[in-house]
Amino acid sequence: MTLWNVRYEEIKKLAVDICEKYDVRSVPINVFELALKLGIKVIPYPAKKHDIFIKESDDGFFMYVDEEPRIYYNPEKMYGRINYTILHEVGHILLGHIQESNLAETEANFFAKYLLAPPPLIQELQLISAEGIINAFGMSYEASCNAWNYYTKWLRKTKGIYNPYEQKMVKLFRSSLDEYSRKYPLGLMCWQTIE
Ligand SMILES: [Zn+2]
């Protein structure tokens, strides 16, 4: 399902505001650190009860315990997948979702997709393919392809010109982006550094 344009804008602005408020300024975004700053406990599925938790979700889920938010996740998944799952659950919590629905899933998926690899940051790193996104933003191949498609759509629509909240985001991440570009001068070759 798709959301109203105004809702996409609200979620993108929320993502940038969260980065500003909680001092998230480096790529790849450390989702564990962000959750900690937000007061959310992030807990891997306990080995002894793994099967019970898997029945709830193969990837992860959130719940409130004594009104405190908790995210449980499957630690057997790949690093990129875990990052996405945790940010998706953070999205549910920040967006105030209290029950499952297609709308809640669409919003949380969009929040995670946007915040893991915001198009302005992909542009700043001068990445030229989905492969470059994997390393720069700590994502799975599948999520990187989605992020790449979203970036190309954004580029067609905006011609690469930033609106005010995108400018704010680029400014927040400036030094991390510069450091990354120094480390990996050829954005497209990044994938060769990982297994
Ligand atoms: Zn969900």
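The working numbering applies: residue 35 is where the sequence shown begins, and numbers increase by one.
Positions of the beta carbon are idealized from the N, C-alpha and C atoms, including for glycine.
Remember, predicted model here, so these are calculated numbers, not experimental data.
**Message:** At a cut-off of 7 Å, would you count Glu141 as near ligand 1, judging by its Cβ distance to the nearest heavy atom?
**Reply:** Taking the sequence shown and counting its residues from 1, one reaches residue 141 at position 107. No, Cβ of Glu141 sits at least 7 Å from all heavy atoms of ligand 1.
**Item:** Under the three-state DSSP convention, the category Lys193 falls into
**Value:** Within the sequence shown, numbered from 1, the residue matching residue 193 stands at position 159. Reduced to three states, the DSSP call for Lys193 is coil.
**Asked** Is the beta carbon of His126 within less than 7 Å of some heavy atom of ligand 1?
**Response** Position 92 of the sequence shown holds residue 126. For His126, the shortest separation between its Cβ and any heavy atom of ligand 1 lies below 7 Å.
**Asked** Between Pro153 and the rest of its own chain, which residues show a CB-CB distance below 6 Å, the 5 nearest in sequence each way excluded?
**Response** Within the sequence shown, numbered from 1, the residue matching residue 153 stands at position 119. So the qualifying residues of the chain are Tyr185, Trp188.
**Asked** Which of the three DSSP states, helix, strand or coil, is assigned to Glu102?
**Response** The sequence position of residue 102 within the sequence shown is 68, counting from 1. Correct three-state label for Glu102: strand.
**Request:** On a CA-only basis, which of Lys202, Met97, Leu68 is nearest Lys47? Give me that one, please.
**Result:** Within the sequence shown, residue 47 is the residue found at index 13, counting from 1. Nearest C-alpha to Lys47: Lys202.
**Request:** Compute the minimum distance between the beta carbon of His122 and the heavy atoms of ligand 1, and state whether it is under 7 Å.
**Result:** Working through the sequence shown from its first residue, we reach residue 122 at position 88. Yes, the Cβ of His122 comes within 7 Å of a heavy atom of ligand 1.
**Message:** Need the endpoints of the alpha helix (DSSP H) that Lys202 sits in, please.
**Reply:** As a position in the sequence shown, residue 202 is number 168, starting the count at 1. 198-217 is the span of the alpha helix (DSSP H), which, as asked, contains Lys202.
**Asked** Name the DSSP beta bridge partners of Ile77, please?
**Response** As a working mapping, residue 77 is identified with position 43 in the sequence shown. Answer is Tyr106.
**Item:** Buried versus exposed, by CB contacts within 10 Å (16 or more), Asn136
**Value:** For this step, residue 136 is matched to residue 102 along the sequence shown. With fewer than 16 Cβ atoms within 10 Å of its Cβ, Asn136 is classed as exposed.
**Message:** At the level of alpha carbons, what is the spacing between Glu200 and Lys82?
**Reply:** Numbered from 1 along the sequence shown, position 166 holds the residue referred to as residue 200. Numbered from 1 along the sequence shown, position 48 holds the residue referred to as residue 82. So the two alpha carbons sit approximately 44 Å from each other.
**Request:** Quick one: measure Cβ to Cβ for Val50 and Tyr214, integer angstroms, because I've assumed they're closer than 8 Å.
**Result:** The residue you call residue 50 lines up with position 16 of the sequence shown. The residue you call residue 214 lines up with position 180 of the sequence shown. Under the criterion of beta carbons closer than 8 Å, Val50 and Tyr214 do not qualify as touching, at roughly 19 Å.
**Message:** What does the Cβ neighbour count give for Glu158, buried or exposed, with the cut at 16 atoms within 10 Å?
**Reply:** Here the question's residue 158 lines up with position 124 in the sequence shown. With 16 or more Cβ atoms within 10 Å of its Cβ, Glu158 is classed as buried.
**Prompt:** Under the rule that 16 or more other beta-carbon atoms within 10 Å means buried, what is Leu211, buried or exposed?
**Reply:** Taking the first residue of the sequence shown as position 1, residue 211 is located at position 177. Buried is the call here.
**Request:** Go through its chain and collect everything with a Cβ distance to Tyr196's Cβ below 6 Å, but skip five positions before and after it.
**Result:** The residue given as residue 196 occupies position 162 in the sequence shown. Pro154.
**Asked** Just checking my contact of Gly125 with Asn108 at CB under 8 Å: how many whole Å lie between their CB atoms?
**Response** Here residue 125 corresponds to residue number 91 of the sequence shown, with the count starting at 1. Here residue 108 corresponds to residue number 74 of the sequence shown, with the count starting at 1. So it is not a contact: roughly 18 Å between Cβ atoms.
**Request:** Would you mind reading off the limits of the alpha helix (DSSP H) that contains Ile167?
**Result:** Reading the sequence shown from its first residue, position 133 is the one you call residue 167. Segment 164-171, the alpha helix (DSSP H) holding Ile167.
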